[in-house]
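Worksheet: the structure to be examined is printed underneath.
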Amino acid sequence: SAVISQKPSRDICQRGTSLTIQCQVDSQVTMMFWYRQQPGQSLTLIATANQGSEATYESGFVIDKFPISRPNLTFSTLTVSNMSPEDSSIYLCSVLRTLTGELFFGEGSRLTVL
Amino acid sequence: GENVEQHPSTLSVQEGDSAVIKCTYSDSASNYFPWYKQELGKRPQLIIDIRSNVGEKKDQRIAVTLNKTAKHFSLHITETQPEDSAVYFCAGGGTYNFNKFYFGSGTKLNVKP
């Protein structure tokens, strides 16, 4: 499986601020995704990070709140903007292994908003 | 979009017994169904998967079955061990769904020694 590194692994932030999470993959991948996992809950797809173009967002998620960048085939960022306590979650980067169609996850970034 | 439902939400079994977790999906375009195990504080780990052209797949103590007509698939764990205790997620999606995957709500499996 691909090695997927996320930074930061955890952070505590103040209400109203923004945080950018980075995802680095050790090999070029076609598809990258961002998921959110709220405490004790399942994984919810936020968006598909498209290389060189705007991300494709799922229903209930908007670019102003979760801007995503994907400048190349190995790197993506997710920003959580104007945070509120409801944004406290684990945010997970995931990549699709093209040859097999398998989906792998980074370690996650645990965000706590006070 | 795809809607994946998963049952039960919690499952408690005695060590050595079998455990079965069931999922249904809504989108007939989904063609790939992975299962993930997530231990506390860790990332989801892919443990087994099945594609829509296959009815059953086994890997040691773990098996997955798929019924395309009924749009449901199941995870079977035999001879459970305490280290199987975790939260298990099913997912549906694949190439005909823009390679996106949607997850079930999760099953917390507790294997009692």
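Protein chains in written order, with our numbering: chain B, 30 to 143; chain X, 10 to 122.
We put the CB at the ideal spot given by N, CA and C, even for glycine.
Just so it is clear, the structure is predicted and the values come from calculations on it, not from any experiment.
Here B/V91 is exposed, its C-beta having fewer than 16 other C-beta atoms within 10 Å. Ranked by Cα distance from B/L102, the options B/T46, B/N79 and B/S88 are led by B/N79. Nearest to X/E88 by C-alpha distance, out of X/V120, X/T78, X/V13 and X/Y105, is X/V120.
Measuring C-alpha to C-alpha distances from X/K80 to each of X/F42, X/Q47 and X/T33 identifies X/T33 as the nearest. Considering only beta carbons, no part of the region 89-103 of chain B lies closer than 8 Å to chain X. Runs of beta strand (DSSP E) with 3 or more residues, each lying fully within the region 78-107 of chain B, are found at 97-101, listed in chain order.
Sequence-ordered contacts of the region 32-45 of chain X with chain B read Y41 and P43 [C-beta pairs closer than 7 Å]. Proximity to B/R126 across X/K46, X/L55 and X/D26 peaks at X/L55, based on C-alpha coordinates. In the DSSP assignment, X/G101 forms a beta bridge with X/Y111. According to the DSSP assignment, X/T33 belongs to the beta strand (DSSP E) that extends over A28 to Y34. At least 9 Å separates the beta-carbon of X/A38 from that of X/L118. Here X/K46 is buried: its Cβ has 16 or more other Cβ atoms, across all protein chains shown, within 10 Å. For the pair B/V124 and B/I50, the CB atoms are not nearer than the 9 Å cut-off.
Fewer than three Cβ pairs drawn from the region 81-95 of chain B and the region 58-75 of chain X lie within less than 8 Å of each other, which leaves the two stretches out of contact.
X/E92 carries a helical assignment under DSSP once its states are collapsed to helix, strand and coil.
Partner residues in the beta bridge of B/R139, as assigned by DSSP, are B/R39 and B/I119. Put simply, the backbone Cα of B/Q67 is about 10 Å away from that of B/L140. DSSP places X/E65 inside the beta strand (DSSP E), whose first and last residues are E65 to D68. Taking 8 Å as the Cβ-Cβ cut-off, the region 61-94 of chain X has no residue approaching chain B.
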